[in-house]
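This report refers to the structure that appears directly beneath it.
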Amino acid sequence: MTLPEYQPQEIEPLIQQRWEREQAFLADEDAAGEKYYCLSMLPYPSGALHMGHVRNYTIGDVISRFHRMCGRNVLQPMGWDAFGLPAENAAIKNKTAPAAWTYANIEHMRDQLRRLGFAYDWTREVTTCRPEYYRWEQLMFTRLMRQGLAYRKDAEVNWDPVDQTVLANEQVVDGRGWRSGAVVERRTIPQWFLRITEYADELLEGLDRLEGWPDSVKTMQRNWIGRSEGAEFRMAVCDADGALDPAGHEVAVFTTRPDTAFGMTYAVLAPEHPLVDRVTTPEQAEAVTRFVADAGAASEADRLDVQGGMEKRGVFTGAYLLNPFTGKAVPLYIADYVLMAYGTGAIMAVPGQDERDWDFAQSHGLPIVRTVQPPEDWEGGPWTEDGPAINSEWLNGLDVTEAKQKAIEWLEAEGIGERRVNFRLRDWGVSRQRYWGCPIPVIYCPECGAVPVPEADLPVVLPEDVRFMGVQSPIKADPEWRKTTCPECGAAAERETDTFDTFMESSWYYARYCSPDAEAQLDERARYWLPVDQYIGGIEHAILHLMYFRFYHRLMRDAGLVDGDEPATNLLCQGMVVADTFFREDPDGEIHWINPADIDIERDDKGQVSGAVHRGDGQPVQIGAVEKMSKSKNNGIDPQGLVDRYGADTVRLFSMFAAPPDQSLEWSESGVEGASRFLRRLWNQVNAHAACGVAEGLDPEALNDQQREIRRRVHDAIAKVSDDIRRRYTFNTAIAAVMELCNHLARFEDSSPNGRAVMQEAWEAVVRLLNPITPHICEVLWQTLGHQGPLCSTSWPEVDDAARVRQQVTLVVQVNGKVRGRVEVPPGLDEAAARERALAEENVQRHVDGKTVRKVIHVPDKLLNIVVA
RNA sequence: GCCGGAGUGGCGGAACUGGUAGACGCGCCGGAUUCAAAAUCCGGUUCUGGCAACAGAGUGUGGGUUCGAGUCCCACCUCCGGCACCA
């Protein structure tokens, strides 16, 4: 008799068609069971799926399918983060419109996702560049304008001279644009901002309650928000002798160390500080003007060169400030180590207690006064830790915390300052000078100013059928598009031609999936599904996306659209997908990267890698480091090719097996082959079993030892896999447990009715345990095992605790902590009996013989340690 | 510099609560099958010594706690990620 061969290319599309025909994964608010919302971060439609997508979406699919089998009412949607810069770049290159390019990519990538067998409810698909999606974002923005949570201000922005756009601080990496790599310039442009700082405290405190989020993400967010407590106080401008400035100017400073104020020996303004021109003396005017001009012209990259180093550039203004604590005048400097954007843009400088001030004081010959006593063995330099206050009159002797408190109380009593909390977090600049984004729904009227577009006139539709020639946005280039009338006074007016940061769309898509067709931003269905029970995505979004996501949820909460403070209770950040790199170096030093798919590895007879050759010419190549898959290192592997060769189940199995989800995943061709081999063996074994007919009538009471042993292993595996998926998210160990079980099943030969019934139960368990990971082959094998209904809605196997009870356990016997033997004993054996059995072992006897037993440690059913001397 | 995370066979990784280190997979070695190869199946595979039984060593380094440490404590080294003049 010949058994069918495993042919994934044939069965996988058939099974996918069946799921579609039966609409197996539609989410229904009225369905039975506890709701479970499992969400993977939506992709940017760049053209084709990469391995990172495959990994991300396989994790989500495994979790979704598992919870569905456990009886939960699961929502797993998918959509497209469709606005963004790459579409414009591709449009220029290919002479198409960004919209057409984007939609074509979506079509292709949707097909790729279908081919991987992900259990999405496609009826809820969201495409963020569609007016029916972004109109609600526009509506929300107009509401925020009216509430003052969206505002416009002239702001110095990061200008990317290549992409011709403003970048968020977060989009600047080491002074360069995160996409173009161009050195970023500084420009002043009117911009729209969302007042995320209004929520800074709440966003910070909320982290403490996010138990299901990784600590790394919470830490990064805490640092990003950067809350610091201290005081703000004002100092009068004066001359060297303390005579007050006739104009009455004051400088406000923020400090976290008001306890050190007696040690202030100078003060500093940021170069952009508005008081610079007013307080500078005529003698210093020229030097100050030159310094400010230099600082302003210095690019971010130039500033980075000096950052952190000893050299701190600055210039004396000629003016002094009156230190209210001492009543003495201190010189006022301008230096670019003080940032206008943080605090008040001015500081009191205490070189004795601050490293930066110490460096500046050293290079400018300024006095240093210690106000905290360093330890005796302190070798010098600024002391920034705790200690008793010194040289500080009425603060002397107090520790830092007490002294801070007392200093603030004094400032408040004097009416010159107050307690103050400062955040590093800045308001979110949402304006982009790009075309391919959601139009900002604002009209500028010469009379009425910036007016939000009325709800009835929304959406402001972005024209998609445009000629896109270059970096200039078509809606900026077209004078007609912007012409309109003022909604308030009817006068001729102009539209805003900037568009939103694309983080706006990805900040609320998770909620729209709940109400994809609502004639409002959201409806009651969002209250049913939210919060997201499991969110999955890359760690690269730890700060930006996930901060805006949490912020926007609160905006929607305050608009009465959703309940709860947080959008997602559990977060899983998957690791990178990495691969070997291979290269050749030209005689002139140029490096050519060669794709791993074109490489053959050579090994010595111990299995160690000894070299690599190019498959094309058979000549050796150099082996580089293991790195994140990227175009620049040419070490990316196209998942489509893998699916074509091995099938979706193999790709899914390998990507879940090779590493735990939060660690980096090293791609390996032979590892993929191993996954494929396992599935083929599984297929053959189940078919061989089923070829003799479906076995029934398992009688657990009538089993022999071998049969009982197999049943025990089956139920141990069910327990382990359930726990690994539900609680630990260690899909790799879940798979290993199933493989181990299959190895035992392969060795079990028993054609008796009971033996076959045990095997029937075992294979049914295996097929259900693997279903979340490799759903296609499992659907087919489920039928092979005699079942009609779809496996995807079959229940998860239950553990039979009685089957897990052991007749014998292995007791490890140690002598002085070293393993000297193992004995098979009945469970629950007491210490005396265990000791007797242990000492009966020859090898144990040998190590105990002639020595005195000092102590015996007995861990029942596990270990017996005999301590001798 | 600060804040996270990680260092375990030839490789990816396992060991969840202090209790058998190396599960599972890859690779490699040997065997079966084959005219031969691929595929498949069976066996072996941390290192050292030994025919073997077994013994010794072993989880980045150095110390410590413990009957017992990959796991806990102290000091340090290396790698990865994030932030970086934030007063």
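If you count the first sequence from 1, you need to add 1 to reach our numbering.
Beta carbons: idealized from backbone N, C-alpha and C, even for Gly.
Fair warning: this is a prediction, and the values are worked out from it, not measured in the lab.
Residue i versus residue j - alpha carbon distance
i, j, result
"glycine 53", "valine 158", "32 Å"
"arginine 147", "proline 132", "22 Å"
"proline 389", "isoleucine 409", "17 Å"
"serine 753", "arginine 712", "15 Å"
"threonine 124", "proline 275", "56 Å"
"aspartate 556", "alanine 201", "First, the amino acid is wrong: residue 556 is leucine here, not aspartate. Rounded to the nearest angstrom, the two C-alpha atoms are 13 Å apart."
"leucine 305", "arginine 188", "Confidence at leucine 305 is low in this model, with a pLDDT of 47, below 50, so its placement is unreliable and the value that follows should be read with caution. Roughly 18 Å separates the two Cα atoms."
"asparagine 844", "arginine 821", "6 Å"
"alanine 302", "glycine 182", "Low local confidence applies: a pLDDT of 43 at alanine 302 is under 50, so the model's placement there is unreliable, with the coordinate-based value given in what follows. If I take the Cα positions, the gap works out to 12 Å."
"tyrosine 730", "proline 568", "21 Å"
"asparagine 324", "valine 351", "12 Å"
"glycine 309", "arginine 357", "For glycine 309, the pLDDT reaches just 49, beneath the cut-off of 50, and the residue's location in the model is therefore unreliable, although a value from the coordinates is still provided. Answer to the nearest angstrom: the Cα atoms are 8 Å apart."
Backbone secondary structure at residue i - three-state DSSP
i, result
"glutamate 611", "Contrary to the premise, residue 611 reads as serine rather than glutamate in this sequence. Residue state, collapsed to three classes: strand."
"serine 300", "Note that serine 300 has pLDDT 47, beneath the 50 cutoff, so the model's placement of it is unreliable and the number below is only indicative. Residue state, collapsed to three classes: coil."
"methionine 557", "helix"
"histidine 274", "coil"
"alanine 580", "strand"
"methionine 221", "helix"
"threonine 282", "coil"
"cysteine 693", "coil"
"lysine 721", "helix"
"lysine 634", "coil"
"valine 339", "coil"
"cysteine 515", "coil"
"leucine 76", "strand"
"valine 673", "helix"
"valine 687", "helix"
C-beta atoms of residue i and residue j nearer than 8 Å
i, j, result
"isoleucine 226", "arginine 425", "yes"
"asparagine 1", "proline 661", "In the structure displayed, the chain extends from 2 to 870; residue 1 sits before or after that span and is not available."
"methionine 70", "threonine 795", "yes"
"glutamine 535", "isoleucine 867", "no"
"phenylalanine 504", "leucine 545", "yes"
"isoleucine 441", "threonine 500", "yes"
"glutamate 25", "asparagine 74", "Inspection of the sequence shows that residue 25 is occupied by alanine rather than by glutamate. No, Cβ-Cβ distance for alanine 25 and asparagine 74 is not below 8 Å."
"glutamine 846", "proline 827", "no"
"proline 798", "alanine 766", "yes"
"leucine 322", "leucine 333", "yes"
"glycine 787", "valine 695", "yes"
"tyrosine 38", "valine 533", "yes"
"histidine 716", "alanine 804", "yes"
"valine 578", "tryptophan 668", "yes"
"glycine 231", "arginine 421", "yes"
Cβ-based neighbour list, residue i, same chain, cut-off 8 Å, excluding 5 preceding and 5 following
i, result
"aspartate 242", "Ala330"
"histidine 777", "Pro9, Ile12, Glu13, Ile16, Gln17, Gly118, Gly648, Ala649 and Asp650"
"aspartate 246", "Ala237, Val238, Cys239, Asp240, Val280 and Ala320"
"aspartate 155", "Thr189, Ile190, Pro191 and Gln192"
Cβ-based neighbour list, residue i, same chain, cut-off 7 Å, excluding 5 preceding and 5 following
i, result
"leucine 771", "Val739 and Cys779"
"leucine 140", "Glu456, Leu459 and Gln522"
"serine 656", "Val55, Arg56, Thr59 and Leu666"
"arginine 836", "Val857 and Leu865"
"phenylalanine 584", "Ile592, His593, Trp594, Ile595, Val622, Gln623 and Gly625"
"alanine 598", "Ile638"
Other residues of its chain near residue i: CB distance less than 6 Å, five sequence neighbours each side excluded
i, result
"arginine 235", "Glu251, Ala253 and Ile417"
"alanine 248", "none"
"serine 300", "Confidence at serine 300 is low in this model, with a pLDDT of 47, below 50, so its placement is unreliable and the value that follows should be read with caution. Result list for serine 300: Val184, in chain order."
"valine 860", "none"
"tyrosine 135", "Cys439"
"aspartate 862", "Val810 and Pro828"
Query raised in the report: Is it a yes or a no for the segment 702–720 touching the segment 622–638, going by three-plus beta-carbon pairs under 8 Å?
Result: no
Report task. Inspect the CB distances between the segment 606–618 and the segment 674–694 and report whether three or more fall short of 8 Å. Result -> no
Query raised in the report: Is there contact here, the segment 484–492 with the segment 96–104, by at least three beta-carbon pairs under 8 Å?
Result: no
Query raised in the report: Below 8 Å, can you find three or more Cβ-Cβ pairs linking the segment 262–277 to the segment 450–462?
Result: no
Requested in this report: Say whether the segment 757–769 touches the segment 105–115, bearing in mind that this needs 3 or more beta-carbon pairs closer than 8 Å, one atom from each stretch.
Outcome: no
Query - Inter-stretch contact at 8 Å, needing at least 3 Cβ pairs: the segment 36–45 / the segment 502–518 - result: yes
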